[in-house]
Structures are given as structure tokens and as C-alpha cells.
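The next block holds one structure in the form of C-alpha cells; read it before the comments.
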Ligand SMILES: CC(C)(COP(=O)(O)OP(=O)(O)OC[C@H]1O[C@@H](n2cnc3c(N)ncnc32)[C@H](O)[C@@H]1OP(=O)(O)O)[C@@H](O)C(=O)NCCC(=O)NCCS
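Residue numbers (our numbering): 654 to 828.
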């Protein structure tokens, strides 16, 4: 896989990972609504693109957007050390269309977002919430170095618990 530093585009034989643009947002919203119960109003996606667009990526196959990762940057207490204030990346939402899964696209989107959160936004750590039943996502995050740091009971509207998973970017060198 080849990474072009200046444009932050990842090319693989099967897909392209590139920064999201405004015209990608309708496709991103469609994928979000098709694949996840956690949906957001349209403005939420545009706001994330405007404020933290360097860590908002899409995956493209044959000219079609088939996946995305949307992130934000927060300042606050470290997930790993409650006495420390840090700049934290937050993976707000990630999804890949079902017919394009298990080809490494989710991993490639996450790696691109983690790299931007570390190198462009100067984040020390990155965290996310995930349903305790979401084994595919949990496995992917664990492979990327994320650890389960706590459980939030009844986090989701339907009553399911969430794991907070996080990775310390200063301990783990990103590929
Ligand atoms: C989670 C998701 C983004 C993963 O995307 P993907 O492109 O299939 O991920 P990858 O191909 O990079 O998979 C990476 C690893 O994750 C694990 N994984 C992915 N899907 C899996 C599954 N169905 N069962 C078990 N492990 C799985 C595997 O370890 C996989 O590596 P492998 O294929 O070498 O075994 C995708 O399943 C998805 O869109 N799910 C619905 C939305 C969602 O749950 N988002 C996360 C919310 S927190």
C-alpha cells in the first residue's frame, strides 16, 4: 500500500482512501443510515468536515464511496490517567458497506484517521465507544492497538452497554 504524504491518499489495488470532501457527505450519510443505529443530523457531518476535516476520510471503490471514518478532537482528562489533561482524538463514527467488508478497508480508514489525529492535530490518545456485542469492530480496534478501558452501562438508546476503547498514540508508533 502506497501513502502519498502531501495529499494523504492511500492507494491499494482494490480501494482508495482519501480525505472526505463536501460532495461526499450525502454518500457518507447514506452509509451511516444503512449500517448503524447511531445516526446524526446532516449538519453534524458537515460540522465535523469543517472543523476536523483532516481526520475525516472516505474509502472509494470504482468511483463509489463505500466507507468513511469521522473524527473529532477534544481537550480533557486522559482516558489512561485521570490526573492528566490531554488532546484526545475521538472516532465518532466508522462504517463500511457490507459488500466491501473484510478487505482491510475499515483498518485502512482507521490508520489514516489515527495518523492525522496524531500528526496533524497533535493528539496524545484516541478513544471511541463501541457496543459490547460488536465483535467485528472490537477485533479491528484491538488489532490497531486499542484496549478496552471501561464499560458504560446503558450507553445506547436501546439499553446496550458500551466499551470505551482507547489507544495511546505516544506509546504506539503508527504504520
Ligand atoms: C467494523 C467495520 C467498520 C470493519 O470494516 P472492515 O472493512 O470489514 O474491516 P477490516 O477488513 O479492516 O477488518 C479488520 C479486522 O477486523 C476483524 N473483523 C472484521 N469483521 C469481522 C467479523 N465480521 N467477524 C470477526 N472479525 C471481524 C478481523 O480481525 C479483521 O481482520 P481479518 O479480516 O484479517 O481477519 C465494519 O464491519 C462495519 O462497517 N460495521 C458496521 C458499522 C460498525 O459497527 N461500526 C463501528 C461502530 S463502533
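A virtual CB, placed ideally from N, CA and C, is assigned to each residue, including glycine.
Pick helix, strand or coil for residue 717, following the three-state DSSP scheme. Here residue 717 carries a strand assignment [DSSP, helix/strand/coil].
Can you grab the Cα-Cα spacing for the pair residue 817 / residue 724, in whole Å? Cα-Cα distance, rounded: 15 Å.
6 Å Cβ shell around residue 668 - same chain, five flanking residues per side excluded: Correct list, in chain order: 712, 714 and 758.
From residue 760 to residue 736, what distance separates their C-alpha atoms? Their Cα atoms are separated by approximately 31 Å.
Counting C-beta neighbours from all protein chains within 10 Å, is the total for residue 811 16 or more, i.e. buried, or is it exposed? With fewer than 16 other Cβ atoms within 10 Å, it is exposed.
Of the choices 763, 701 and 734, whose alpha-carbon is the least far from that of residue 663? From the listed residues 763, 701 and 734, the smallest Cα separation to residue 663 is found for 763.
Bridge partners of residue 784, per DSSP? For residue 784, which the question treats as bridged, DSSP gives the partners 815.
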